Structures are given as C-alpha cells and as structure tokens.
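Take a look at the structure below.
Protein chains: 2
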Amino acid sequence: MRMTARPENVHQTRLLRLLRDEGARSRAELGDVVHLSRSKLAVELDRLVELGLVEPAGLAASRGGRRSNIVRLSRHLRLIGIDIGATSIDVAVTDGGLEILGHVSMPCNVREGPDVVLDHALDLVGKLRGQGLIDEIHGAGIGVPGPVSFREGVPVVPPIMPGWDRFPVREVISQKLGCPVLVDNDVNLMALGEVHAGLARSAEDFLLVKIGTGVGCGIVVDGRIYRGMSGSAGDIGHIRVDDNGPTCVCGNTGCLEAYFSGAALARDALAAARSGRSAFFAQRLEQAGALTALDVADAVAAGDPVGVRMVREGGRRVGQVLAGLISFFNPGLVVIGGGVAGLGHVLLAEIRSVVYRRSPPLATGNLPIVLSELGDTAGVLGATRLISDHIFSAT
Amino acid sequence: MRMTARPENVHQTRLLRLLRDEGARSRAELGDVVHLSRSKLAVELDRLVELGLVEPAGLAASRGGRRSNIVRLSRHLRLIGIDIGATSIDVAVTDGGLEILGHVSMPCNVREGPDVVLDHALDLVGKLRGQGLIDEIHGAGIGVPGPVSFREGVPVVPPIMPGWDRFPVREVISQKLGCPVLVDNDVNLMALGEVHAGLARSAEDFLLVKIGTGVGCGIVVDGRIYRGMSGSAGDIGHIRVDDNGPTCVCGNTGCLEAYFSGAALARDALAAARSGRSAFFAQRLEQAGALTALDVADAVAAGDPVGVRMVREGGRRVGQVLAGLISFFNPGLVVIGGGVAGLGHVLLAEIRSVVYRRSPPLATGNLPIVLSELGDTAGVLGATRLISDHIFSAT
DNA sequence: CGGCTTTGTCTTCTAAGAGGAGAAAGTTTG
DNA sequence: CAAACTTTCTCCTCTTAGAAGACAAAGCCG
Chain A
1 MRMTARPENV
11 HQTRLLRLLR
21 DEGARSRAEL
31 GDVVHLSRSK
41 LAVELDRLVE
51 LGLVEPAGLA
61 ASRGGRRSNI
71 VRLSRHLRLI
81 GIDIGATSID
91 VAVTDGGLEI
101 LGHVSMPCNV
111 REGPDVVLDH
121 ALDLVGKLRG
131 QGLIDEIHGA
141 GIGVPGPVSF
151 REGVPVVPPI
161 MPGWDRFPVR
171 EVISQKLGCP
181 VLVDNDVNLM
191 ALGEVHAGLA
201 RSAEDFLLVK
211 IGTGVGCGIV
221 VDGRIYRGMS
231 GSAGDIGHIR
241 VDDNGPTCVC
251 GNTGCLEAYF
261 SGAALARDAL
271 AAARSGRSAF
281 FAQRLEQAGA
291 LTALDVADAV
301 AAGDPVGVRM
311 VREGGRRVGQ
321 VLAGLISFFN
331 PGLVVIGGGV
341 AGLGHVLLAE
351 IRSVVYRRSP
361 PLATGNLPIV
371 LSELGDTAGV
381 LGATRLISDH
391 IFSAT
Chain B
1 MRMTARPENV
11 HQTRLLRLLR
21 DEGARSRAEL
31 GDVVHLSRSK
41 LAVELDRLVE
51 LGLVEPAGLA
61 ASRGGRRSNI
71 VRLSRHLRLI
81 GIDIGATSID
91 VAVTDGGLEI
101 LGHVSMPCNV
111 REGPDVVLDH
121 ALDLVGKLRG
131 QGLIDEIHGA
141 GIGVPGPVSF
151 REGVPVVPPI
161 MPGWDRFPVR
171 EVISQKLGCP
181 VLVDNDVNLM
191 ALGEVHAGLA
201 RSAEDFLLVK
211 IGTGVGCGIV
221 VDGRIYRGMS
231 GSAGDIGHIR
241 VDDNGPTCVC
251 GNTGCLEAYF
261 SGAALARDAL
271 AAARSGRSAF
281 FAQRLEQAGA
291 LTALDVADAV
301 AAGDPVGVRM
311 VREGGRRVGQ
321 VLAGLISFFN
331 PGLVVIGGGV
341 AGLGHVLLAE
351 IRSVVYRRSP
361 PLATGNLPIV
371 LSELGDTAGV
381 LGATRLISDH
391 IFSAT
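Spelled out as structure tokens, the structure:
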C-alpha cells in the first residue's frame, strides 16, 4: 500500500492549507502571506511539487511586469467523506481544495451493524469510482452517529449503534481504501463542515446544533473541535428539560430528544393523526401508511395548526437547553443544522425568542443564531476537512 | 516606572515555568527536561541570571561526580494576587514559585464602587508591604465578581457591580503598583488556582463550580481558561432550573442562583426562622440579628433537619444544571468551590447523586466530582498564576 | 527600442543550535 | 594515597535554516 506523501515541516503545512483554503496562488503572493524569503519559499514549493502534492498551473496575466507562476494543489488529490447517519449513508469525493466532485447516498439503518453498513459505504465509494471521479484515494474521514474515541478511531458505547462498540472502523476502512482514515462523531464533522465552508468561517468559538433523528451539538473552540475527556462532548440530547416529560429511550424522563427530534416529531404526528386532532396528518397517514419528520415540515409549510404548534413547542424546549449552554459557553455563533432544517424559520424564531429572553445580554448581544446553509453536505465536507487537516500536517 | 525584565525567547519561557512549577533544579536536570544542548542551555540560563529572573543557589550534594550547580527563580520576585469578591477582598503576595508569603483580607461590598474598593485593595497591599514581605512588585493579577474583557482589563456590564462597567481596573492598578497587571473574572482565577495547586493539575479539561454569594463556573480547556466570545463564559447562575421558581434579581424566574447560593440560603434560613419551622435558625436569628450561609453550614453540622433539607434541595438543583453541563462539556474533573464548601459532603453527595443519574455513563464513568481543597487561597493563587504566566512569557 | 516593474533563481552571509573534547570536581576502589 | 571512574560544566567546531541581496527573465509602457 503506497501511502501518500505528507509535508515535511511547518512551512509546507502552512502552504498546503493556504492553497486549500484560498485556492491557487502565485509564488510571490504565497511569499507575502507566509513571510518566507523567496529563496526559502522556492525550496519548500519545489519539495511539495516533488512530493506530488502541488503542481504548477501556468502563468497569470501580467500586472505590469513579469508574469507570475501559479501553483495549486495537485489535481490528482482525492479525499473521501463518509457520513454514516442513523438512517442513511452519504459519501462524497473532493479534490484537495475540498470541492465536491461527486456525492451519493442511500438509506441505511445503522442498527444493521458495522459489517453491513461499512460494506454499503464502500459500495458507494465504488459507485463514485465507477463514475471516473477517483483514481488514487489520499485520505478518508468517517462520521458515525455516536461517541468516538478519536485517537483510536473506534466508536465507544454508542447508544443507538448496537454492535459498533469498539469496532475498529478506522483500521478496517484504512485497509480497504489503502489510505489514512480518521473517525469522528457525525455532529463534530458537521461543525467542521461549517468551519470550512459555512457561516462559521470567521467564528473562533461556535456551536453547531444538529436536530435530526436525535439531537447533538458540535463544539468548536479556537477553530478546532472540542471532544471532551472521553469523546462524548456535545451529547446534549439527554439533557433534562422537564421532570414530567415522556420517557426516553435512555431510560430517564424529560430528555430533550424525547420532546423534540425527528423520532419525537414522527411519534407526535402519528398521535395527532390517530386522535383526529389534525386532518392534515390523518390524510398523510392514510396516503403513506407512516409519518416522518418530513410530514411535519410539510404540515408547517401548509400552515397546519397542529404541526406549527408541535414545532413551536419543540423549538421552545430546544431554546431552553440552548439558553443554558449559551450562558455557559458564550459562543460567537450558533448554527442549527440537521434534517429538521426543513422546519426552517418557525423553529428558528421560537429558538431565538427563548434564547434571547433567557440568556444573559452580554452573551446574546452579538450572537447570531442561524440555519445551516450546507444541508446534506455539511457532514461529508467536514469529514474531508478532518482528513485533509491530518494529511496536510507534518508528521 | 522600571518594568521587570521579561524572557526573550521560548526557551527562557520554558525554563522559567519549569523552575516555577517544579522548583529549583540543577543545570543538568534542566537540560534533560528541555532537550537543549548543554551549551545552549548555559547561554539561556546566563541570560536569565543577567535579567535578574534567575539566580544561582549553591551546589547540590554530589551524586558520584562533580557537584551540580543549582539554579532557582530569583528570591526577590514578588507577585500580588487580588481577589475582589462580592462581599470581601483578599490580597496575597507570593514569590516567583507562587508560594504564598502573606495573605490578608477584609470585608468589603463591591457595590461601593471601584474607587473605594480598589483603594481598600491597595491598602491591603500596603499592609503586606508593611510586614516587610514586598520590595519590588513584579506583577499583579486581579479577580472581580463579574464578566471582564480580558484583553482590555475592564469589567463589562457586570450585574452585581454597579459603577464598575468599563472602569479601567488594569490601567489604574498598573499605575499605582508600577507593574504589569491582568484582570479576569474571579471564578476563572479560582479555576487557575486549581490548575496550579489543586486537584486539577493533571486534568486538561475541567470545570470549577463556585457557589458563593452567586454561582459561577470556570472552564478550563487544554489547561487554559476558556473565556468565550465576550468574556462571559461560565455564567451559569441564571440558567433556568424550574419554570415556577422564585424571581431572581435578573428579572427571570427559576434561575439557579435564586434557588441555591449564599444569598438564597440566607433568605430561606430567615424564612424558616420566622415561620417557626426551624428552632435552630430561630435561635441563631435571635442571637445575631441576621442569618447568613454560614448559619446554614452550622445547621447542617448540627443535624438540623430544615437546614439539611435546604442543602439537599439546593444540591439537587445544582446537580441538575451540572448534569446538563457535563453532558455537553464532558470534563475530566469537576471541582466544587466557593463559600459553600463549608456545606461539605451533604451537598456533594446530593450533587453526585443527581449527576451520576442524569448524565450519560460515558461522560460520568471516569469523572471525579470533588470539593476544592484550596479554600480562600484559590482566587488569589489563580491571580498570581495568571500574571506569572504573562510575565514569564516572551514578549 | 529603452526604461521601468514584477517575478524567479542563485549566491552569500548570519545566527541558532547540536555535538564532541576536554577541564573541573567529585566518589570509589585497590 | 593514588588511580580509576562519574558527573557536571565550558569551550570550540560544524551543520543547517533561513534572510538578504544581486542578478536574470519576462512582462508593461511610451
């Protein structure tokens, strides 16, 4: 297995990240930014070309003098992002600059276990390869819907992933793909996606709240993922919002997830349909035979009062938890993402209303709370960013 | 004003911190730790001696060869820690190794405003000077009971400190003492104190929960204070624990502080005394004319059931909030400090019970929750640590 | 075409720091 | 007590990273 070359020093690392984040540059511009003498810069760039990470990209138009030599990341670099959700798998391939070249997905229940699920993921990679998008893979990032020991690359006691505990995800995939692999929690990777391409590019400390099948939170401190002592930081789905709430899968009562999540919305919509409180849901149930959070989004869009009330109520609960976390963490930005982004501004308005009322003015005075603009791509993009940061670092 | 010399490069910084944290060392031992050639090490140490930061301290006993030259931080280094609490001021002086040489305090209400309070603090410094403990002051750290713009060294919209908003604390004290000064939130400094001398020495990520007149939390990420976007991180006193709770000074209802804090305990003790529910408190009230949190501690020690119930109830509330924060932050250690440490193990048992029940097992599995062992000194010690880190850094 | 500007390459020079050779100052052993 | 061995410290040399400047190449404009 031929491992891709890695940069050899901190200068090469800086140059690679600059080319990744800001795109192709002339040698002169690079010198201005990294503050290296032109001679030293030339040495390092030549070395990167030799390693196959960087390539010349022709001459720029003259700006009144000699035309400058443009360099860019090698066009042959390929990174894979794999986002394993509770009910679906997304796989994307990007070039070195993290531009998405192809993106495929399929429904898949994570409960089917690591063997089945990872095989599906590899099939999706094969599909992309079949489209001619991949030659050699230089690295892959994988997100899984549960806590991860980042150092070891294995899930640890994941509640919704029976059979995955300590399964060597990194090792297996690294073997199969023949490249370096990193594994992290899917919500952390969504947060990294926002850091790379979303609204969080300028925020040093921010929170990404993902509301999907469950509820989780990615924490970014100083531009880097904060994972906590055992990799379970951001696990906010089971924070108590009310003593007398519904019983959660975790055994406690009143967990946020039991009040508001994809699963809880589907449950409540079904109840509303069966009890006859909502004609909208009753009709949907009859048509489809089942209800999901997507039906709730449609209900809100159609103005169904029961649906709107459900989302308002849920937004209030999320807002209560978020208000506490914002008091504690004082982030510079909060991004709401995940499947329920479709619930859109009704949800956002309710969350904002609670947070701005319940958190200290100093913490909320300059705090944007926004919906993610990345949609499905946040997870896979974050995965490629994670592995890119890794392979663009000196060993 | 003669500013103290600062180290000139990263090697000198490392050497100074090593001498501070590990005590005097021989030149050979230092070389082993910092991985410098003996020649380079000698150059840097000589430079530090020249700057007056380090001094020779004689010869060690032989270990089978030539006797080694011991070096230590200069005996003349003096750092001042000032901890301005809601109702008291503590001032301590330490040597370069942060050993406390003298510690004085006085009651003082922070509401009297910065002019009065800072004058009192300077008086306390004068008192220490009068004891012959101080020659030249090399730096001072100041903690105040509210949010601070750390970069500017000024309090920002502090709720319980009218008149302090944007008062130039750092500038004024730096002028008066003739040395570098840093200002921070008092809870952050307590956390730093624990990092330096307490149980948190080995924990990279931990929380210090201070329960005093109010409730606050110091957040340490990777061994460094996390302050958030606007310096208000850790402001957990106004997190909601119940919709139908007592009204808080902040205007909301059900804040943690309104349930459990020095002020809330005093209020509840008074109510218990007046209503005749507790003979213990009634008697104390008659003797002293007023009740404080200290009386509650005494009641618990004496086994008064009303007092015990108050603390249990309060511990439950603190535990609820803490359970959420631990789910979110996944710290490696939680230290409980502040005035209510006197409530001791009744409080701790209740907090632990709630947290271990309500937080995910992965986050609590390996999580010690302990009482601070530093008492009054945590704040002033953290203040000297803060300024020590600063003046022991290359500019 | 000649002067001016920008870019890239090559050579020279400096300073940081590693590493080794002793000198200095001990202890231990015969 | 002398010789052998250890540990510490100092001095000197050698390597290397990197800056700085000279110069060549390649464009613009009048």
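These protein sequence lines map, in sequence, to chains A and B. First residue of the first sequence: 1, per UniProt numbering; consecutive thereafter. First residue of the second sequence: 1, per UniProt numbering; consecutive thereafter. We put the beta carbon where it would ideally sit given N, CA and C, even for glycine. Keep in mind it's a predicted model, so treat the numbers as computed, not measured.
Chain A residues whose Cβ lies nearer than 7 Å to that of residue i
i	result
B:C248	Simply none; closest approach about 11 Å.
B:R185	The sequence as given places Asn at residue 185 of chain B; Arg does not occur at that position. Result: empty, since nearest Cβ-Cβ is about 11 Å, beyond 7 Å.
Top-ranked residue by Cα proximity to residue i, from the options
i	options	result
B:T292	B:P361, B:L343 and B:G245	B:L343
B:V346	B:D376, B:N188, B:E194 and B:D304	B:D304
A:R129	A:A92, A:G337 and A:G96	A:A92
A:V49	A:A60, A:R66 and A:H76	A:H76
B:G262	B:T377, B:V311 and B:R277	B:V311
residue 396 of chain B	B:F150, B:G23 and B:I336	What is shown of chain B runs 1 to 395, which leaves residue 396 of chain B out entirely.
A:I351	A:N252, A:S230 and A:G319	A:G319
A:A203	B:N244, B:S230, B:G365 and B:V148	B:S230
A:L173	A:D165, A:V154, A:E8 and A:A363	According to the sequence displayed, residue 173 of chain A carries Ile and not Leu. For the residues A:D165, A:V154, A:E8 and A:A363, the minimum Cα distance to A:I173 belongs to A:V154.
A:A60	A:D165, A:L51 and A:E29	A:E29
A:A200	A:G382, A:R166 and A:L51	A:G382
B:S232	A:L51, A:A258 and A:G365	A:G365
A:D186	A:A282, A:P107 and A:I89	A:I89
Contact list for residue i against chain B, beta-carbon separation under 8 Å
i	result
A:P145	Within 8 Å Cβ-Cβ: nothing; A:P145 doesn't reach chain B, min ~14 Å.
A:Q320	R240
A:G262	Within 8 Å Cβ-Cβ: nothing; A:G262 doesn't reach chain B, min ~20 Å.
A:C108	Under the 8 Å cutoff, chain B gives no residues; its nearest Cβ is about 25 Å from A:C108.
A:N366	M229 and S230
Residue i vs residue j beta-carbon contact at 9 Å
i	j	result
B:T87	B:V110	yes
residue 397 of chain B	A:P360	Because chain B here runs from 1 to 395, residue 397 of chain B falls outside it and cannot be looked at.
B:R284	B:D268	no
A:I84	A:I134	no
B:P162	B:P145	no
A:R227	A:D184	yes
A:R357	A:V241	no
B:V220	B:A191	yes
A:I369	A:V321	no
A:G198	A:L374	yes
B:G234	B:G218	yes
B:L348	B:I336	yes
B:R6	B:T395	yes
A:G102	A:K210	no
B:P147	A:L362	yes
A:S275	A:A299	no
A:R385	A:L189	yes
A:G307	A:F280	yes
A:A140	A:P114	no
B:L208	B:E194	yes
Cβ-Cβ separation, residue j to residue i (assumed contact under 8 Å), whole Å
i	j	result
A:V393	A:T13	A quick correction: the sequence has Ser, not Val, at residue 393 of chain A. Contact flag correct, Cβ pair sits at about 5 Å.
A:L73	A:L19	5 Å
A:L79	A:H138	6 Å
B:I82	B:A121	5 Å
A:L124	A:V104	5 Å
A:T377	A:I100	6 Å
residue 405 of chain A	A:N69	No statement about residue 405 of chain A is possible, as the shown extent of chain A runs from 1 to 395 and does not include it.
Proximal residues of chain B, C-beta to C-beta of residue i below 7 Å
i	result
A:Y226	V221
Chain A contact residues for residue i, given Cβ-Cβ distances below 8 Å
i	result
B:V157	P361 and L362
B:P331	G228 and M229
Residue i: contacting residues in chain B (beta-carbon distance under 9 Å)
i	result
A:G234	S327, F328, F329 and N330
A:G338	The premise fails here: A:G338 is roughly 17 Å from chain B at the closest Cβ pair, so nothing lies under 9 Å.
A:G216	Chain B residues near A:G216: none, gap ~10 Å exceeds 9 Å.
For the region 288-374 of chain B, list the alpha helix (DSSP H) runs that are entirely contained and at least 4 residues long, ordered along the chain. Positions of the alpha helix (DSSP H) runs, each at least 4 residues long and wholly inside the region 288-374 of chain B, are given as 293-302, 305-329, 344-358 and 361-364 in order along the chain.
Which ranges does the beta strand (DSSP E) cover as unbroken runs of at least 3 residues, wholly within the region 200-234 of chain B, from first to last along the chain? If we require 3 residues or more, the beta strand (DSSP E) runs fully inside the region 200-234 of chain B come out as 206-211 and 215-221.
Quick one: complete beta strand (DSSP E) runs, 3+ long, within the region 63-126 of chain A? 69-73, 79-84, 88-94 and 100-107
Whole beta strand (DSSP E) elements within the region 238-279 of chain A, 3-residue minimum: none
For a minimum of 3 consecutive residues, which ranges assigned as the beta strand (DSSP E) are wholly contained in the region 172-202 of chain A? 181-185
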